[in-house]
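Engineer: In my numbering, the protein residues as written are 3 to 183.
#1: Find out if the Cβ-Cβ distance for the pair residue 153, residue 109 is shorter than 9 Å.
#2: Find the nearest neighbour of residue 53 within the set 134, 79 and 94, judged by alpha-carbon distance.
#3: What does the alpha-carbon distance come out to for the pair residue 1 and residue 104?
#4: Just to confirm, is the Cβ distance from residue 151 to residue 67 under 9 Å?
#5: Enumerate in chain order the residues of its own chain whose CB-to-CB distance from residue 125 is below 8 Å, with the five nearest sequence positions on each side excluded.
#6: Roughly how many whole angstroms lie between the Cα atoms of residue 2 and residue 5?
#7: Measuring CB to CB, does residue 16 end up less than 9 Å from residue 38?
#8: Using a C-beta cutoff of 9 Å, does residue 133 count as contacting chain C?
#9: Counting C-beta neighbours from all protein chains within 10 Å, is the total for residue 118 16 or more, i.e. buried, or is it exposed?
#10: Under the assumption that residue 19 contacts residue 149 (Cβ atoms under 8 Å), give the Cβ distance between them as a whole number of angstroms.
#11: Relative to the alpha-carbon of residue 8, which residue among 14, 24, 31 and 25 has its alpha-carbon at the smallest distance?
#12: Between residue 123 and residue 97, what straight-line distance do the alpha-carbon atoms span, to the nearest angstrom?
#13: Cα separation between residue 64 and residue 133?
#14: Assign residue 50 to one of three DSSP states: helix, strand, or coil.
#15: How far does the alpha helix (DSSP H) with residue 80 in it reach, from first residue to last?
#16: Of the residues 62, 3 and 100, which one's Cα is nearest the Cα of residue 24?
#17: Residue 14: which of 22, 47 and 29 sits nearest, CA to CA?
Written out as structure tokens, the structure is:
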């Protein structure tokens with residue numbers, strides 16, 4: 003069993019979502035947004051850091067996933083998004099969580115099956131995958147999607163590690179099986 007926090011960084015709204023992974027079963031724990039509600043960027047970054055710190059300390063996730071920055075049309079917007087993302091990652095790493103990073107396309111592909119899905123499709127699939135009766139706010143749904151993507155990716159990596167270990171053992175046996183002692 004593991005608790006995974008997903009983060010959808012934003013300078014005004016940073017989404018977070020926490021799920022539990024128990025084998026192949028995913029369960030909803032919590033989701034919401036950290037609202038910075040100020041015009042001063044240093045204060046926004048402080049609020050993002052403090053909000054994530056508080057959420058992680060309360061829920062105690064063991065894994066973290068953060069959406070990577072996409073190249074925006076406006077360089078100023080991209081810079082602010084990068085700063086918000088940095089504050090979020092710093093808060094997670096400060097609490098000794100390893101952070102996995104995924105592109106928006108990877109997250110959408112993992113959750114919806116289509117890398118160019120729109121926000122409404124992501125929200126609907128998050129609801130379906132986590133058996134939610136209420137649609138989460140868009141930024142919270144994106145954060146839950148990042149956590150789901152990580153749950154799928156970490157499960158695949160675990161299976162791959164086991165298969166590689168078994169494959170190595172099988173190769174070892176086959177090499178030794180032809181030898182005479």
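Even glycine gets a Cβ: it sits at the ideal position worked out from N, Cα and C.
Structural biologist: On the basis of the data shown:
#1: No, Cβ-Cβ distance for residue 153 and residue 109 is not below 9 Å.
#2: Closest by alpha carbon: 94.
#3: Here the chain covers residues 3 to 183 and nothing more, so residue 1 does not appear.
#4: Yes; because the gap between Cβ atoms is below 9 Å, this pair is in contact.
#5: Result list for residue 125: 137, 138, 140 and 143, in chain order.
#6: For residue 2 there is no data in the structure shown, the boundaries of the chain being 3 and 183.
#7: Yes, Cβ-Cβ distance for residue 16 and residue 38 is below 9 Å.
#8: Chain labels in this structure do not include chain C; a single protein chain is all it has.
#9: Exposed is the call here.
#10: Right, the Cβ-Cβ distance comes to about 5 Å (below 8 Å), so this counts as a contact.
#11: Out of 14, 24, 31 and 25, 31 has the C-alpha closest to the C-alpha of residue 8.
#12: About 33 Å.
#13: Rounded to whole angstroms, residue 64 to residue 133 spans 22 Å at the Cα level.
#14: The three-state reading of DSSP puts residue 50 in helix, counting H, G and I together.
#15: That run of the alpha helix (DSSP H) goes 77–96.
#16: Of the candidates 62, 3 and 100, the one whose C-alpha sits nearest the C-alpha of residue 24 is 3.
#17: Here the closest residue by C-alpha is 47.
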